[in-house]
Each structure stands twice: as structure tokens, then as C-alpha cells.
Amino acid sequence: MPSQKELLIKHFESRLSISGVEAANIYKIRSLPRRILDLKEMGYEFSSKWKTDPTGQRYKRYTLTGVPDIAGHPVAFYSNADR
Numbered sequence: 021m022p023s024q025k026e027l028l029i030k031h032f033e034s035r036l037s038i039s040g041v042e043a044a045n046i047y048k049i050r051s052l053p054r055r056i057l058d059l060k061e062m063g064y065e066f067s068s069k070w071k072t073d074p075t076g077q078r079y080k081r082y083t084l085t086g087v088p089d090i091a092g093h094p095v096a097f098y099s100n101a102d103r
């Protein structure tokens, strides 16, 4: 069974962002901020933004902005779309 970090890395191969609700529903990840910190420690870079859902509940969406290169240093990339 893949680790939660591996699940998130795979997620970010096809989508650039994720919210806590998505992480919990899709991957059963209950502490997304901790997993994001784990990935940051591996060299991944993220931005985050507070959003509001249709019911008025606020949540944070994390967007991947850089991946580690072979040496483990972040390589930034940018997208116009929030996939």
C-alpha cells in the first residue's frame, strides 16, 4: 500500500492543487498540512490560499509550485490553470 506522501505525489502528477476535504475523501488523509510539510522537507514547494465554499465554510487549497530536481533542490514551475 502506498504511503500518504506517495499518494499525494501521484495526485500532483495530474492535478496541481488539493484541499483538506479532497485529501480526506479521496486518499483518507486526515492531516493534509502535515503531509504537505513532509513533502516540503523533501524539496517540493507549495503555495496555499484560503477559499470559501458555497456554504460559507473556509478551507485552504494547496497548490504545487515546484518539484525537487535530482539533487533534491526545488525546481519552480508555474501554471495558469488551477488543475
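The numbering of the sequence shown is my numbering, which starts it at 21 and goes up by one.
Just so it is clear, CB atoms sit at the ideal spot from N, CA and C, and this is done for glycine as well.
Endpoints, alpha helix (DSSP H) assigned at residue i
| i | result |
| --- | --- |
| Arg54 | 52-61 |
| Tyr47 | 40-47 |
Anticipated Cβ contact below 8 Å, residue i with residue j, distance rounded
| i | j | result |
| --- | --- | --- |
| Gly63 | Pro22 | 19 Å between Cβ atoms; not a contact. |
| Ile49 | Tyr82 | Not confirmed; about 11 Å, so no contact. |
| Lys25 | Leu57 | Going by Cβ atoms, the distance from Lys25 to Leu57 rounds to 10 Å, so no, they are not a contact pair. |
| Ser68 | Lys80 | 5 Å |
| Gly40 | Glu65 | 19 Å between Cβ atoms; not a contact. |
| Leu84 | Leu36 | 5 Å |
| Leu28 | Arg55 | 6 Å |
Three-way DSSP call (helix, strand, coil) for residue i in this model
| i | result |
| --- | --- |
| Ile29 | helix |
| Ser23 | coil |
| Thr75 | coil |
Range covered by the beta strand (DSSP E) that runs through residue i
| i | result |
| --- | --- |
| Leu84 | 78-88 |
| Thr72 | 65-72 |
According to DSSP, residues forming a beta bridge with residue i
| i | result |
| --- | --- |
| Ser34 | According to DSSP, which records beta bridges pairwise, Ser34 is partnered with nothing at all. |
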